[in-house]
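These notes concern the structure reproduced below.
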Amino acid sequence: MNIMDFKNKVVIITGGSSGIGAETAIQFAKLSAKVVIVGRNEEKLKKVAEQCEEAQGIKSLIVKADLTNDSEVKNIMEETVKHFGQIDVLVNNAGIVAHTEIQNGVDDFDRVFSTNLRSVYLLTSLAVPHLIKTKGNIVNISSVAGQKLFPNLTVYCMSKAALDVFTKGLAKELAPSGVRANGVSPGPVKTDILVHAGLDEAAIMKNWEKSSLLGKICVSRDIADMVLYLASDKGNSITGSINVIDNGRLLA
Ligand SMILES: NC(=O)c1ccc[n+]([C@@H]2O[C@H](COP(=O)([O-])OP(=O)(O)OC[C@H]3O[C@@H](n4cnc5c(N)ncnc54)[C@H](OP(=O)(O)O)[C@@H]3O)[C@@H](O)[C@H]2O)c1
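Count along the sequence shown starting at 1, add 112, and that's the number in the numbering used here.
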């Protein structure tokens, strides 16, 4: 058996409708996983599900959910267990950026924290009993912004710093149960995240490219490959680890 084989493994990916999450879902499907893709945009989710099915002929499950709504988060778990009977890997990937500053008040803080952190805590708490049964694992998609402050991104940076602490706490708490938890912290990745945040994508991307040691930015496949490695048996000695993949952006 190929050690990077997810045959009969059930993988939940939040934010599976776009960018890193979509690519990660497709790469898991290529390695025979049964994938559960979560997001709000049904049309985009369907397109990703089609690509997943094309890979190995395995039908994925779409769960439409707004992660800021607790009952919709609970439904993700219920639907997954009803449909596939188990959970082996949880990829907490969905996230948003807000360009804001302190004098703008608390609305952006609430929006970012409810998406990037609270929903992750709730979904993970519901997944853990199932992950303990399968000796599965969790991968949280963080950001280099969890380790370095960027202008007007303090709230986003705070959410990712807290996510990193959560990942390490999970690793400690769940190790005795045989469940691993790891983080992946990308630098800039070419996705629609800036467009979704209403920012000037072209200008920012150019600046990001210039400001990395390797003079380039990641593509979603780079991140997906790291997620798959950590989630697979190849990563069986890795837990509590925050894995930076940033073309040297943090050092630049
Ligand atoms: N791109 C980068 O440069 C970069 C760098 C470092 C870290 N990251 C992290 O990587 C992760 C993925 O980002 P991306 O670049 O792939 O961004 P993206 O293309 O904007 O995708 C974000 C995903 O999150 C989902 N999402 C957002 N809010 C949601 C909500 N309330 N309920 C359900 N789903 C929600 C979106 O789904 P719907 O639109 O269908 O709701 C979408 O699938 C994020 O956690 C981000 O912080 C990105």
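Built from N, CA and C at the ideal position, the CB exists for glycine as well.
Segment limits, alpha helix (DSSP H) that includes residue i
i, result
"Thr-126", "Where Thr-126 is concerned, there is no enclosing alpha helix (DSSP H), although the beta strand (DSSP E) it sits in stretches over 122 to 126."
"Phe-262", "Premise fails: Phe-262 is in no alpha helix (DSSP H) and is neither H nor E."
"Asn-319", "313 to 322"
"Lys-158", "154 to 168"
Collapsed DSSP secondary structure at residue i in the structure displayed
i, result
"Met-113", "Confidence at Met-113 is low in this model, with a pLDDT of 48, below 50, so the placement of that residue should be treated as unreliable; the coordinate-derived value is given next. It is coil, neither helix nor strand."
"Ile-250", "strand"
"Gly-360", "coil"
"Val-147", "strand"
"Val-331", "coil"
"Gly-131", "helix"
"Lys-119", "coil"
"Ser-377", "This structure cannot speak to residue 377, because the chain is shown only from 113 to 364."
"Leu-325", "coil"
"Lys-171", "coil"
"Gly-310", "coil"
"Ser-271", "helix"
"Gly-281", "helix"
"Ser-289", "helix"
"Val-224", "helix"
"Ser-237", "helix"
For residue j and residue i, believed in contact at Cβ under 8 Å, the rounded distance
i, j, result
"Glu-135", "Arg-361", "About 20 Å; that fails the 8 Å criterion."
"Lys-146", "Ser-172", "7 Å"
"Val-355", "Ser-297", "The amino acid occupying residue 355 in the given sequence is Asn; Val does not appear at that position. That pair is a contact at about 7 Å."
"Thr-367", "Gly-299", "Within the shown structure, residues of the chain are numbered from 113 to 364, placing residue 367 beyond reach of any answer."
"Val-291", "Ile-244", "6 Å"
Bridge partner(s) assigned by DSSP for residue i
i, result
"Arg-230", "In DSSP, Arg-230 forms no bridge with anything."
"Gly-295", "Asn-252, Ile-354"
"Ala-301", "Note that residue 301 corresponds to Val in the displayed sequence, not to Ala. Looking at the DSSP assignment, Val-301 forms a beta bridge with Cys-330."
Test: residue i CB closer than 8 Å to a CB of chain C
i, result
"Ser-172", "This model lacks chain C altogether, as it is built from one protein chain only."
(request) Within the stretch 173 to 222, note down every full alpha helix (DSSP H) run reaching 4 residues or more, in order along the chain. (result) The qualifying runs are 182 to 196.
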